[in-house]
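Undergrad:
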Amino acid sequence: MEQNKLKNHSFLFYEYLIYTTVATISLFTFFLIIKTMPIPLDVFLSKMLTRLYIPSQNICIPPQIGELNIQIFWCFFIIFLSLTSFLLYKILKNNGKNVSFPKIINNICVAYILIIALLQQISRDNFLRKQFHYLKGKTTQEKYISIAPSFYHYVEEVKNLVKGRHTATLLTDKKQDKDPYMFFHRALSYYLYPTISFRYKNNSKEDSIILFYKKNPLNYIPKEYKLIFASPDYNFIVAIKKDVLNDRLD
Amino acid sequence: MIDWINVFISIFIPTTLGYIILSILINKKINSLMKISLSYGLGMGVLAIWMLFIAIIGLRFNIITIKMPLILLILSLSLRLFIRRKYCRPSTKNLPATTLFSISNVKYYVSTHITKTILYTILLCYIAHNIFFVFWQATNIPIYTWDALATIAFKAKIFFFEGKLPNLNLLPHKTYPLLVPFLETWVAINLGHWDDQLIKIIFPYAFISFLGIFYSFLKIYTNRLWALIGSSILLSSNLFVYHATISYRDFFLMYYNCSTIILLLLWDKTKSPSILLLSSLFAGFATFTKLEGTAFLPILLLFFLLIILRQNYPIKKKIKQIIIFTIPATSICLSYHIYKITHNVIKSDKTVFDFTLSKLLLFPHIIIVFLRNMFLSSNWSIVWIVFFISLLRLKENIYNKKTALSIIFVILLFFTEYALVALFTANYVWIAGDLNMMGLSRLLLHFYPLSVLTIILLAGSPYIDKTHQNNY
């Protein structure tokens, strides 16, 4: 009985000792890593709390801490946790407990994901708050002016000027198979539809021209077309056939 | 305000239809949360197929052609359900009543399990915050992402303003399946106008619905705590949450693909033919969501055959089950492909296989690109790393080993398929080439939840003492 008590006592003591050592080493290593980076601790912490959610089209970009991708940092801790799990397993095993190493490491890793998830959530919350303040009280059009490409407000003007529905030809000098103009082309098509349609042609006659980033654009407007809208830099011009306009007026 | 009521109607009608169909099909074999969650996917799938049917017979998309038949169907099925319940009352009476929420129960639980209660509260707050995040993002930020503007929402906008499905050859990306554009059109029809924010409402609901299916499934195999942990881990993926807020088709493909696998596993457990039928319908809806859905069909079929081979049923019953699974899924799949063929929509060059052996040299590079995305992008938190670590538990004799192994087998099939597609088709550039940043993350999303399922099934599984092995 007395021996068992002593055994338990020594087990607790060693357990405590190992956890403390592990925690100290982990903290020490953590600060060593930060020290090697050219950023102060407060900047590092603010990055950790605000930059863990950066979605960009098809990928979420991992924040860089100094030169280090944050994911490498997480991986480093997984290795570290594996070591901790192994030590814990050895201690428990030596003390006659029926445990398995895979179970310990699995459970520790699950706990680790949850900790990272909570950190990420602070970033998500910051992201949400920023967007909330930025977009609060705005109409869809006003939001688009904030987030869409700069030509969007011209699209709104065209939509107000043009009556009815038209099918257009788009003339541009920019390559439509490379970003950013490829994206601009698709976005313009989406925003202008159904007022002016150029990417979807429903077998109706083309009655308008859109000149988008075209050199000497006015040279491309035929006589039977009337210029309806031109942006100040002449990078976005809309012209519609005069007879169509007359028909609409009639 | 009126817009929100119309949005609610656009969700409510298909979900109710799904719920009634499920009630007729499955009745009491699955729990309420899973039933409601599945109702959304089923209802939306049926709606999309109905819209395809309307398009095929040349009718226009409007309230009369879409909404009215659905409402009539709901009413007639409800009547049938009511009559059936009326005459089958004795069997339902025998079921024990379950209390979902009782203050005295909660009080007792909190006082006796204080640590667990704290953990539950944290996890529930985490999940609730994410649900709010997804809802706000989806309904307050207008469509601005690449594929949405170029294809998905653009097509939906065309369908809405033209009031019909135009000749596919006139549309951008004419071969792409139309489930998501149809659903967005449906929301716009209910709204009565085009709204660049509210048409995305289908995504947060799909998010909640999938969360419900995922949680309910884990609760069957583990317990409430592990199911909550699993759901939280699922949400730890930035890409998963992000895709529930933008108008891409990948979230819906993930939804139908993973739900099919979950339903097949449930069918393996319950042996209910109606669950098998439901999984088949979901596999079919996946084919109508993205072209990858058709490529997934052989994988799902293989997975189904694996399960059926393990069962000790007579050959006649096995054939019947094969018919139940294959016919609905392939019918849905073929209906759209045949429609495309009859409208001279030629297949894309991307699907042409070029089996040059020298291409095998690219295999190590493909693996590296996969691993880089899984480990070093911020898409998946550390889920994939932990997934690989959790495989260590397969050495042990644990309760959920068989189920976990089945899921790992499917994950392997998905990886193999994508690796083969990258190796032997022009899709290499999107999967492992220069543009892998555009495509690969989305491809991994299609089966990402399976990795979380594996982690939780292995972590939350009790160790089987060899002396009591027969009890399981």
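Line by line, the protein sequences are chains A and B.
For the first sequence, the working numbering gives the first residue as 238, with consecutive numbering after it.
For the second sequence, the working numbering gives the first residue as 190, with consecutive numbering after it.
We treat Cβ as the ideally placed atom computed from N, Cα and C, and that holds for glycine.
Can you check whether the CB of Thr592 of chain B is closer than 9 Å to the CB of Leu639 of chain B?
TA: If you number the second sequence from 1, residue 639 of chain B lands on position 450. If you number the second sequence from 1, residue 592 of chain B lands on position 403. No, these two residues do not count as a Cβ contact at 9 Å.
Undergrad: Tell me which residues share the same chain as Trp662 of chain B and place their Cβ nearer than 8 Å to its Cβ, disregarding the 5 neighbours each side in the sequence.
TA: The shown model of chain B, from 190 to 661, leaves out residue 662 of chain B, and the question about it has no answer.
Undergrad: Chain A partners of Tyr333 of chain B, CB-CB under 7 Å?
TA: Position 144 of the second sequence, counted from the first residue, corresponds to residue 333 of chain B. Contacts between Tyr333 of chain B and chain A, judged by CB atoms closer than 7 Å, involve Ile384 and Ala385 in chain order.
Undergrad: Tell me, please, whether the CB atom of Leu398 of chain A is closer than 9 Å to any CB atom in chain B?
TA: On the first sequence, position 161 is the one that residue 398 of chain A refers to. No, no contact with chain B.
Undergrad: Any heavy atom of the ligand ADP closer than 8 Å to the Cβ of Ile347 of chain B?
TA: For the ligand ADP, the structure offers nothing, since it holds no ligand at all.
Undergrad: Using a 10 Å radius around the Cβ and a threshold of 16 neighbouring Cβ atoms, would you call Leu594 of chain B buried or exposed?
TA: On the second sequence, position 405 is the one that residue 594 of chain B refers to. Classification for Leu594 of chain B: exposed.
Undergrad: Keeping to the same chain, check which residues put their C-beta closer than 7 Å to that of Ile435 of chain B; ignore five residues upstream and five downstream.
TA: Within the second sequence, the letter at position 246 stands for residue 435 of chain B. Only Thr334 and Ala337 meet the Cβ criterion.
Undergrad: Report yes or no: is there a C-beta of chain B within less than 9 Å of the C-beta of Lys412 of chain A?
TA: Mapped onto the first sequence, residue 412 of chain A falls at position 175. Not closer than 9 Å to any Cβ of chain B, the Cβ of Lys412 of chain A fails to qualify, so no.
Undergrad: Nearest chain A C-beta to Leu565 of chain B closer than 9 Å, yes or no?
TA: On the second sequence, position 376 is the one that residue 565 of chain B refers to. Judged by the 9 Å Cβ criterion, Leu565 of chain B is in contact with chain A.
Undergrad: Going by beta carbon distance, what residues of the same chain come within less than 8 Å of Ser420 of chain B, once the five residues before and after it are set aside?
TA: The residue given as residue 420 of chain B occupies position 231 in the second sequence. Correct list, in chain order: Leu312, Ile316, Leu400, Phe403, Tyr404 and Leu407.
Undergrad: Would Pro275 of chain A pass as an interface residue toward chain B - the criterion being a Cβ-Cβ separation below 9 Å?
TA: Numbered from 1 along the first sequence, position 38 holds the residue referred to as residue 275 of chain A. Not a single C-beta of chain B is nearer than 9 Å to the C-beta of Pro275 of chain A.
Undergrad: Return the first residue and the last residue of the alpha helix (DSSP H) that Ser579 of chain B is part of.
TA: Taking the first residue of the second sequence as position 1, residue 579 of chain B is located at position 390. Where Ser579 of chain B is concerned, the enclosing alpha helix (DSSP H) stretches over Val572 to Ser579.
Undergrad: First and last residue of the beta strand (DSSP E) that includes Thr409 of chain A?
TA: Taking the first residue of the first sequence as position 1, residue 409 of chain A is located at position 172. His403 to Thr409 is the span of the beta strand (DSSP E), which, as asked, contains Thr409 of chain A.
Undergrad: Does chain A have any CB closer than 9 Å to the CB of Tyr315 of chain B?
TA: In the second sequence, counting from the first residue as 1, residue 315 of chain B sits at position 126. Closer than 9 Å: yes.
Undergrad: Give the residues of chain B in contact with Gln301 of chain A, contact being defined as C-beta atoms less than 7 Å apart.
TA: As a first step, residue 301 of chain A is located in the first sequence; it is residue number 64 there, counting from the start. By Cβ distance, chain B contributes nothing, its closest Cβ being about 11 Å from Gln301 of chain A, past 7 Å.
Undergrad: So for Ala467 of chain A, helix, strand or coil by DSSP?
TA: As a working note, residue 467 of chain A is residue 230 in the first sequence. Three-state DSSP puts Ala467 of chain A in a strand.
Undergrad: Give me the Cα-Cα distance between Ile210 of chain B and Leu270 of chain B, rounded to the nearest whole angstrom.
TA: In the second sequence, the residue the question calls residue 210 of chain B occupies position 21. In the second sequence, the residue the question calls residue 270 of chain B occupies position 81. Approximately 9 Å between the Cα atoms of the pair.
Undergrad: Please confirm whether Gly303 of chain A and Met274 of chain A have their CB atoms less than 9 Å apart.
TA: Mapped onto the first sequence, residue 303 of chain A falls at position 66. Mapped onto the first sequence, residue 274 of chain A falls at position 37. Cβ distance < 9 Å, so Gly303 of chain A and Met274 of chain A count as in contact.
Undergrad: Counting pairs of Cβ atoms below 8 Å between the stretch 446-455 of chain B and the stretch 309-329 of chain A, do you hit three or more?
TA: no
Undergrad: In or out: Val280 of chain A buried (at least 16 other Cβ within 10 Å) or exposed?
TA: As a working mapping, residue 280 of chain A is identified with position 43 in the first sequence. Label assigned to Val280 of chain A: exposed.
Undergrad: Quick one: give me the first and last residue of the beta strand (DSSP E) that Thr473 of chain A is part of.
TA: To locate residue 473 of chain A, count along the first sequence from 1; it is residue 236. For clarity, residue 473 of chain A is Phe in the given sequence; the question names Thr instead. Segment Phe473 to Lys478, the beta strand (DSSP E) holding Phe473 of chain A.
Undergrad: Where Thr545 of chain B and Phe636 of chain B are concerned, what is the direct C-alpha to C-alpha distance, given to the nearest angstrom?
TA: Position 356 of the second sequence, counting from 1, holds the residue named residue 545 of chain B. Position 447 of the second sequence, counting from 1, holds the residue named residue 636 of chain B. When rounded, the distance between both Cα atoms is 28 Å.
Undergrad: For Phe477 of chain B, name the three-state secondary structure that DSSP assigns.
TA: Taking the second sequence and counting its residues from 1, one reaches residue 477 of chain B at position 288. Three-state DSSP puts Phe477 of chain B in coil, outside helix and strand.
Undergrad: Which residues in chain B have a C-beta closer than 9 Å to the C-beta of Phe313 of chain A? List them in chain order.
TA: Indexing the first sequence from 1 puts residue 313 of chain A at position 76. Going along chain B, no residue has its Cβ under 9 Å from Phe313 of chain A, so there is no contact; the nearest lies around 11 Å.
Undergrad: If you run the structure through DSSP and keep just helix, strand and coil, what is Gln301 of chain A?
TA: Numbered from 1 along the first sequence, position 64 holds the residue referred to as residue 301 of chain A. Reduced to three states, the DSSP call for Gln301 of chain A is strand.
Undergrad: Hey, quick one: how far does the beta strand (DSSP E) through Ser445 of chain A stretch, first residue to last?
TA: On the first sequence, position 208 is the one that residue 445 of chain A refers to. Segment Ser445 to Phe449, the beta strand (DSSP E) holding Ser445 of chain A.
Undergrad: Going along chain B, which residues have a C-beta under 9 Å from Ile353 of chain A?
TA: On the first sequence, position 116 is the one that residue 353 of chain A refers to. Neighbours of Ile353 of chain A on chain B, chain order: Ser425, Ser570 and Ile571.
Undergrad: Taking a cut of 9 Å between CB atoms, which residues from the stretch 626-637 of chain B lie near chain A?
TA: Met626, Met627, Gly628, Leu629, Ser630 and Arg631
Undergrad: In this structure, does DSSP put Asn306 of chain A in helix, strand or coil?
TA: Here residue 306 of chain A corresponds to residue number 69 of the first sequence, with the count starting at 1. Note: Asn306 of chain A maps to strand in three-state DSSP.
Undergrad: So Leu338 of chain B contacts chain A; which residues on that side make the cut at Cβ distance below 7 Å?
TA: Residue numbering aside, residue 338 of chain B sits at position 149 when the second sequence is read from its first letter. By Cβ distance, chain A contributes Arg423, Ala424 and Tyr427.
Undergrad: Per DSSP, what kind of secondary structure is Tyr462 of chain A in: helix, strand or coil?
TA: Within the first sequence, residue 462 of chain A is the residue found at index 225, counting from 1. The answer is strand: DSSP assigns Tyr462 of chain A an E or B state.
Undergrad: Quick one: does Asn331 of chain A have its CB under 9 Å from some CB of chain B?
TA: Working through the first sequence from its first residue, we reach residue 331 of chain A at position 94. Chain B contact via Cβ: absent.
Undergrad: Considering only their Cβ atoms, is the gap separating Asn472 of chain A from Phe435 of chain A smaller than 9 Å?
TA: Residue mapping note: residue 435 of chain A aligns to position 198 of the first sequence, counting from 1. Residue mapping note: residue 472 of chain A aligns to position 235 of the first sequence, counting from 1. Not in contact: Phe435 of chain A and Asn472 of chain A (Cβ atoms no closer than 9 Å).
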